[in-house]
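Enquirer:
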Amino acid sequence: MSKVILFVCDALRDDIAAQHMGYLEHLVEAKKATRWTVIGELPSMSRPMYETLHTGVTSSVHGVVNNSVARTSIMPNVFKLAVEAGKTTAAAAYYFFSELYNRAPYDIVRDFQTDDESLPIQHGRFYRSDEFPDLELFALGAMLMTRFTPDYLLIHPGGLDLIGEREGGDSQAYRKQVIYHDDKISSMLPKAHALGYTVLVTGDHGISDSAAVGVGGVHGGPLAQARRVPLYFLPPDMTGCGRIEEPVSQLSVAPTVLSLLGLARPDTMTAPVLSAR
Ligand SMILES: [Zn+2]
């Protein structure tokens with residue numbers, strides 16, 4: 063059993079992560095971590111996949127079928143199950159998460175900074191602007207970790223989605239932001255591991271190359287660049303299996319998080335728990 067930090071790096075594409083997340087790839091190469099390629103569910107859009115990552119079911123089951131479905135989750139989900147079991151939860155994340163698990167519609171004055179133990183996300187820092195800087199988001203995540211040491215912490219930077227949609231997944235700007243994510247995650251890892259956290263790093267979806275110079279990337283459908291994301295599994299004892307070639311389902315993330323937290327999974331989550339031993 064362990065505490066868990068899940069980084070959902072919005073629009074983190076599998077192949078570009080493999081090329082540019084240097085420290086995480088070192089840990090994989092040294093078998094101090096485990097890495098899978100995840101076949102993302104559809105649509106490869108943000109809000110539906112936030113819900114899939116936290117419920118372990120597909121969009122046609124949870125009903126969050128596009129980004130406009132602004133309501134709370136009706137499925138058993140990681141946040142709710144954790145709090146019901148007496149665990150603490152926190153998130154530094156886009157406001158869609160506040161709407162999915164705490165309250166909808168989002169009210170920036172009420173919800174921007176949330177500390178309420180009766181809610182599924184007890185300590186939330188929910189940004190509204192798509193331009194919210196990753197620098198500050200990673201800092202909020204680190205603050206939540208050190209101030210509250212929650213059992214489950216979600217950290218959700220949005221910069222890759224913003225840059226990828228503007229400039230494409232093959233752009234220098236997108237690649238530099240992937241390197242920046244590796245930098246910020248590697249900075250947090252020693253403290254997270256010392257506190258007993260297993261750290262998972264994945265994306266909600268990927269993003270396509272630009273169709274032409276000056277045209278941005280897209281996501282939404284089954285295009286491999288939009289669908290395939292990495293999953294890095296970084297346990298506190300820094301042991302792992304390296305790179306595992308067989309792809310895994312995105313539906314396995316939620317039951318894997320619950321398993322790490324020592325919680326039973328609900329009947330709705332039928333995908334296998336991932337094993338990094
Ligand atoms: Zn997204």
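Under this note's numbering, the first residue of the sequence shown carries the number 63, and numbering increases by one thereafter. Think of the CB as a built atom: it goes at the ideal place given N, C-alpha and C, for glycine as much as any other residue. As the structure is a prediction and not an experimental result, all values here were calculated from the model.
Give me the Cβ distance between serine 121 and proline 138, rounded to the nearest whole Å; I'm assuming they're in contact under 8 Å.
Expert: In fact, because the Cβ distance is near 16 Å, the residues do not count as touching under 8 Å.
Enquirer: Output the boundary residues of the beta strand (DSSP E) element that contains arginine 97.
Expert: 96–101 is the span of the beta strand (DSSP E), which, as asked, contains arginine 97.
Enquirer: If you follow the alpha helix (DSSP H) that lysine 246 is in, where does it begin and where does it stop?
Expert: From DSSP, the alpha helix (DSSP H) with lysine 246 extends over 234–256.
Enquirer: Classify phenylalanine 246 as buried or exposed, calling it buried when 16 or more other Cβ atoms lie within 10 Å of its own Cβ.
Expert: Before going on, a small fix: residue 246 reads as lysine here, not phenylalanine. Classification for lysine 246: buried.
Enquirer: Could you check whether the Cβ of methionine 107 sits closer than 8 Å to any heavy atom belonging to ligand 1?
Expert: Indeed, a heavy atom of ligand 1 lies less than 8 Å from the Cβ.
Enquirer: Would the beta-carbon of threonine 176 fall within 9 Å of that of arginine 190?
Expert: No, they are not a contact pair.
Enquirer: In angstroms with no decimal places, state the Cα-to-Cα distance between glycine 221 and glycine 148.
Expert: For glycine 221 and glycine 148, the distance between alpha carbons rounds to 33 Å.
Enquirer: Hey, histidine 218 and alanine 316 are a contact pair by Cβ (cut 8 Å); roughly how many whole angstroms apart?
Expert: Not confirmed; about 15 Å, so no contact.
Enquirer: Looking only at DSSP bridge pairs, what is glycine 304 linked to?
Expert: Thr96.
Enquirer: For ligand 2, I want to know if aspartate 192 counts as a neighbour, meaning its beta carbon is within less than 8 Å of at least one of the ligand's heavy atoms.
Expert: Because ligand 2 does not appear in the structure shown, any question about it cannot be addressed here, the ligands present being ligand 1.
Enquirer: Going by DSSP, what residues sit across from leucine 401 in a beta bridge?
Expert: Only positions 63 to 339 of the chain appear in this structure, which leaves residue 401 out of reach.
Enquirer: Evaluate proline 212 with the Cβ neighbour count: other Cβ atoms within 10 Å of its Cβ, from every protein chain shown; 16 or more gives buried, anything less gives exposed.
Expert: So proline 212 ends up on the buried side.
Enquirer: Taking only the alpha-carbon atoms, compute the straight-line gap between valine 127 and valine 291 and give it to the nearest angstrom.
Expert: Going from the Cα of valine 127 to the Cα of valine 291 covers about 20 Å.
Enquirer: According to DSSP, which residues form a beta bridge with phenylalanine 295?
Expert: Thr96 and Leu262.
Enquirer: Could you give the first and the last residue of the continuous alpha helix (DSSP H) run that contains threonine 332?
Expert: Where threonine 332 is concerned, there is no enclosing alpha helix (DSSP H), given that its DSSP letter is neither H nor E.
Enquirer: Would you report the Cα separation of methionine 234 and tyrosine 85, rounded to the nearest angstrom?
Expert: What sits at residue 234 in the sequence shown is glutamine, not methionine. Those two C-alpha atoms are separated by around 19 Å.
Enquirer: Does the stretch 319–329 touch the stretch 265–283, meaning 3 or more C-beta pairs lie closer than 8 Å?
Expert: No: fewer than three Cβ pairs fall under 8 Å.
Enquirer: Which same chain residues, not among the five before or five after phenylalanine 174, have their C-beta less than 7 Å away from its C-beta?
Expert: Here the set comprises Phe188.
Enquirer: Determine the contact status of tyrosine 312 and isoleucine 101, defining contact as a CB-CB distance below 9 Å.
Expert: According to the sequence displayed, residue 312 carries glutamine and not tyrosine. Contact flag set, yes.
Enquirer: Taking the straight line between their C-alpha atoms, what separation do you get for valine 361 and isoleucine 170?
Expert: Residue 361 cannot be examined here, being either before or after the span of the chain that is shown, 63 to 339.
Enquirer: Leaving aside the five residues before and after lysine 65 along the sequence, list all residues of the same chain whose C-beta is less than 6 Å from its C-beta, in chain order.
Expert: For lysine 65, where only same-chain residues beyond five positions count, the Cβ hits under 6 Å are Asp213, Gly258 and Tyr259.
Enquirer: Ordered along the chain, which non-local residues of its own chain (more than five positions away) have a Cβ less than 6 Å from that of glutamate 103?
Expert: Answer for glutamate 103: Thr114, Thr120 and Gln312, listed in chain order.
Enquirer: Between tyrosine 180 and the rest of its own chain, which residues show a CB-CB distance below 6 Å, the 5 nearest in sequence each way excluded?
Expert: Per the sequence shown, residue 180 should be read as serine rather than tyrosine. There are no such residues.
Enquirer: With 16 other CB atoms within 10 Å as the buried threshold, where does aspartate 266 fall?
Expert: It is buried - the Cβ of aspartate 266 has at least 16 other Cβ atoms within 10 Å.
Enquirer: With DSSP as the reference, label glycine 278 as helix, strand or coil.
Expert: It is coil, neither helix nor strand.
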